[in-house]
Amino acid sequence: MTDTVRGCDGLVTRQKNLLLTALFADCVPLFFYEPEQELIGISHAGWRGTTGNIAGHTVEKLVELGARRDQIEVVIAPSICSQCYQVDQNVIDHIPTDCSIVYEKDGNGYHLDLKKLNQLFLRQSGIVDENIMVTDDCTAESELLYSHRHDPKPTGRMLGFIYMTKS
Numbered sequence: 204m205t206d207t208v209r210g211c212d213g214l215v216t217r218q219k220n221l222l223l224t225a226l227f228a229d230c231v232p233l234f235f236y237e238p239e240q241e242l243i244g245i246s247h248a249g250w251r252g253t254t255g256n257i258a259g260h261t262v263e264k265l266v267e268l269g270a271r272r273d274q275i276e277v278v279i280a281p282s283i284c285s286q287c288y289q290v291d292q293n294v295i296d297h298i299p300t301d302c303s304i305v306y307e308k309d310g311n312g313y314h315l316d317l318k319k320l321n322q323l324f325l326r327q328s329g330i331v332d333e334n335i336m337v338t339d340d341c342t343a344e345s346e347l348l349y350s351h352r353h354d355p356k357p358t359g360r361m362l363g364f365i366y367m368t369k370s
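Okay, so the sequence shown: first residue is 204 according to this note's numbering, each after it adds one.
In structure tokens, the structure reads:
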């Protein structure tokens, strides 16, 4: 692979026959499609990317390319669920106060719902609920998916991809 992009967590394009990819193993895969303008995108949303609103930033990049917010479709793919994802206060401190419904205190830590936080940020970015599909699968609970937290080390990664063909 000579055409790799390193050091970023999101890609958008209108170019046909270009495969956008990212690797995942608990982090949230976000897939974007705007059919009217023929735009696609992919984002890797770990806790830093999620709390930094990579979902919203990806929407903004699509809008800069001509996307209409009401036309953008998003899939929030399998990632770790809140019951399996315990974090400390440092992570919680990065979450906006108006998004406190995405975590619950549990003993010495918090259970964080990364999918729900990404969904909230997508809504705040103008994506309508009907255009957000959220999968229920948990990477830590499924034997078919890789989990950075659950699987013995070293573990694998899942390749997420999105692609448009020439019409």
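Just so you know, even glycine gets a beta-carbon here, dropped at the ideal spot from N, CA and C.
Fill in: Sequence-distant residues of its chain with Cβ nearer than 8 Å to Y313 (five each side left out)
Excluding sequence positions up to five before and after Y313, its CB lies within less than 8 Å of the CB of Q289, V290, D291, Q292, V294, I295, Y306 and E307, all in the same chain and listed in chain order.
Discussion item. Just verifying my parser: in three-state terms, what is the DSSP assignment at A258?
Written reply: Secondary structure at A258: helix, using DSSP grouped into helix, strand and coil.
Worksheet item: When the distance is taken between beta carbons, is C341 closer than 8 Å to C302?
Response: Not in contact: C302 and C341 (Cβ atoms no closer than 8 Å).
Discussion item. M367 and E379 - do their beta-carbons sit closer together than 8 Å?
Written reply: Nothing in the structure corresponds to residue 379, since the chain is present only between 204 and 370.
Worksheet item: Just checking, does the stretch 344-353 make contact with the stretch 314-331 on the three C-beta pairs under 8 Å criterion?
Response: When C-beta atoms of the stretch 344-353 are compared with those of the stretch 314-331, fewer than three pairs fall below 8 Å, so the two segments do not count as touching.
Worksheet entry | Cβ shell of N256 (< 7 Å), same chain only, five flanking positions each side left out | For N256, where only same-chain residues beyond five positions count, the Cβ hits under 7 Å are F324.
Discussion item. Just to confirm my understanding: we take K369, look at its own chain, exclude 5 residues before and 5 after, and list those with CB closer than 7 Å. What are they?
Written reply: The answer, listed in chain order, is K219 and N220.
Worksheet item: Taking the runs of the beta strand (DSSP E) that are 3 residues or longer, which of them lie wholly in the stretch 270-334?
Response: Whole beta strand (DSSP E) segments, 3+ residues: 276-279, 306-309 and 312-315.
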